[in-house]
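S.K.: Each residue of the sequence shown is one higher than the last, beginning at 1 in our numbering.
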Amino acid sequence: MKGLFRREDGFTLVELMIVVFMMTIVVVVFTSIFENVNEGVARQRDRSVANDEARLAIEQLDREIRSGNVLHDPASEAVPYYGFRIYSQANATTRGSSAYADATGSTCVQWLLNDDEELVRRFWLPGDPTVVSDWRVLASHVVNRTLATPVPAFSLDPASSSRTVVVTLMLDADTAETVSRPVRITTSLTGRNTTLGFSETVCDPAPA
Numbered sequence: 001m002k003g004l005f006r007r008e009d010g011f012t013l014v015e016l017m018i019v020v021f022m023m024t025i026v027v028v029v030f031t032s033i034f035e036n037v038n039e040g041v042a043r044q045r046d047r048s049v050a051n052d053e054a055r056l057a058i059e060q061l062d063r064e065i066r067s068g069n070v071l072h073d074p075a076s077e078a079v080p081y082y083g084f085r086i087y088s089q090a091n092a093t094t095r096g097s098s099a100y101a102d103a104t105g106s107t108c109v110q111w112l113l114n115d116d117e118e119l120v121r122r123f124w125l126p127g128d129p130t131v132v133s134d135w136r137v138l139a140s141h142v143v144n145r146t147l148a149t150p151v152p153a154f155s156l157d158p159a160s161s162s163r164t165v166v167v168t169l170m171l172d173a174d175t176a177e178t179v180s181r182p183v184r185i186t187t188s189l190t191g192r193n194t195t196l197g198f199s200e201t202v203c204d205p206a207p208a
């Protein structure tokens, strides 16, 4: 008669605890891997966005410097080597208001790497720094000033008679606690071959 009944033996409590423990380990490992992958993807996305912003900013700098008649020495800026001013005709009448351009169609443009790791830009009417635009953020996560060894963002090439600007942007969008290696973008941009008789102080003083 005993053969007619199935055995109803089950797992012991110890066996159940072992199974639960092993499943917990598997879940923890899987979750950790998943989070690391997500963080890596997000970090790479942020760095890609920062790189794209910086390259677009450099393209705009290039366009304005190529049409620049007067290039101010970054060493003389309020924040030396992290600011840059030019007197440029590039798109002067399309900056939102013709009030910012003088009779030659030129305007003063200033670039600055601020304390918030942002590359910002503004422009004003030559000879009247009270007619000035707001700062506009063009690139973020630019860490030149916050590195252990700061890197100048703007400098004039002494071999170019002050007509070539060397722009270096150090980018790091990694917000993790560990220090990552910033991406370095360096380029040389050259203005017009002549100042066309314009005063070197045409964009002095810079707006407050």
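Ideal Cβ positions, reconstructed from N, Cα and C, are used throughout, including at glycine.
Which residues share a DSSP beta bridge with G68?
M.R.: Within the sequence shown, residue 68 is the residue found at index 68, counting from 1. The partner list for G68 (beta bridge, DSSP) reads S88.
S.K.: Let me confirm a value: V28 is counted as buried when at least 16 other C-beta atoms fall within 10 Å, else exposed. Which label applies?
M.R.: The count along the sequence shown starts at 1 and reaches residue 28 at position 28. Exposed, because fewer than 16 other Cβ atoms sit within 10 Å of the Cβ of V28.
S.K.: Which one of Q110, L56, R63 has the shortest CA to CA distance from D73?
M.R.: What you label residue 73 is simply residue 73 of the sequence shown in a count that begins at 1. Among Q110, L56, R63, the Cα nearest to that of D73 belongs to Q110.
S.K.: For my contact list, G191 and L71 are in at a C-beta cut-off of 8 Å; report their separation, rounded to the angstrom.
M.R.: Numbered from 1 along the sequence shown, position 191 holds the residue referred to as residue 191. Numbered from 1 along the sequence shown, position 71 holds the residue referred to as residue 71. Confirmed, about 5 Å.
S.K.: In the DSSP assignment, what residue or residues form a beta bridge with D128?
M.R.: For the purposes of this step, residue 128 is taken as the residue at position 128 of the sequence shown. L125.
S.K.: Residues in the same chain with beta-carbon distance under 6 Å from A57, minus the five sequence neighbours each way, listed in chain order, please.
M.R.: Against the sequence shown, residue 57 aligns to sequence position 57. Answer for A57: L119, L138, A139, listed in chain order.
S.K.: V14: buried (16+ other C-beta within 10 angstroms of its C-beta) or exposed?
M.R.: The residue you call residue 14 lines up with position 14 of the sequence shown. Result: exposed.
S.K.: Closer than 8 Å is the cut-off here; do at least three beta carbon pairs connect the segment 130 to 137 with the segment 152 to 168?
M.R.: No, the segment 130 to 137 does not touch the segment 152 to 168.
S.K.: Would you call D115 buried or exposed, if buried means 16 or more other Cβ atoms sit within 10 Å of its Cβ?
M.R.: In the sequence shown, residue 115 corresponds to position 115, counting from 1. When all chains shown are included, D115 counts as exposed.
S.K.: Under a three-way DSSP split, which group does R55 fall into?
M.R.: Residue numbering aside, residue 55 sits at position 55 when the sequence shown is read from its first letter. The answer is helix: DSSP assigns R55 an H, G or I state.
S.K.: Would you please state the rounded distance, in angstroms, between the beta carbons of V165 and L112? I believe it to be under 8 Å.
M.R.: As a first step, residue 165 must be located in the sequence shown, where it is residue number 165. As a first step, residue 112 must be located in the sequence shown, where it is residue number 112. Contact doesn't hold; Cβ gap of about 14 Å is too wide.
S.K.: How long is the line joining the alpha carbons of S67 and E35, rounded to whole angstroms?
M.R.: Position 67 of the sequence shown, counted from the first residue, corresponds to residue 67. Position 35 of the sequence shown, counted from the first residue, corresponds to residue 35. S67 and E35: Cα-Cα distance of roughly 48 Å.
S.K.: Can you name, in chain order, every residue of its own chain whose Cβ lies under 8 Å from the Cβ of G96, other than the five neighbours on each side?
M.R.: As a working note, residue 96 is residue 96 in the sequence shown. With a pLDDT of 46 at G96, under the threshold of 50, the modelled position of this residue cannot be trusted, and the question is left open.
S.K.: Cβ of A90 within 7 Å of Cβ of R63?
M.R.: Working through the sequence shown from its first residue, we reach residue 90 at position 90. Working through the sequence shown from its first residue, we reach residue 63 at position 63. In this structure, R63 lies closer than 7 Å to A90 by Cβ.
S.K.: Mark S88 as exposed unless 16 or more other C-beta atoms lie within 10 angstroms of its C-beta, in which case mark it buried.
M.R.: On the sequence shown, residue 88 is found 88 positions in, with the first residue counted as 1. S88 is buried by the Cβ-count criterion.
S.K.: Return the CA-CA distance between I18 and L169, expressed in angstroms with no decimal places.
M.R.: By 1-based counting over the sequence shown, the position of residue 18 is 18. By 1-based counting over the sequence shown, the position of residue 169 is 169. Answer to the nearest angstrom: the Cα atoms are 55 Å apart.
S.K.: Among residues of its own chain, excluding the 5 on either side of N144, which ones have a beta-carbon nearer than 8 Å to its beta-carbon?
M.R.: As a working note, residue 144 is residue 144 in the sequence shown. Counting only Cβ-Cβ distances below 8 Å, and skipping sequence neighbours, we find Y82, L113, P150, V151, P152, A153, T168, L169, M170.
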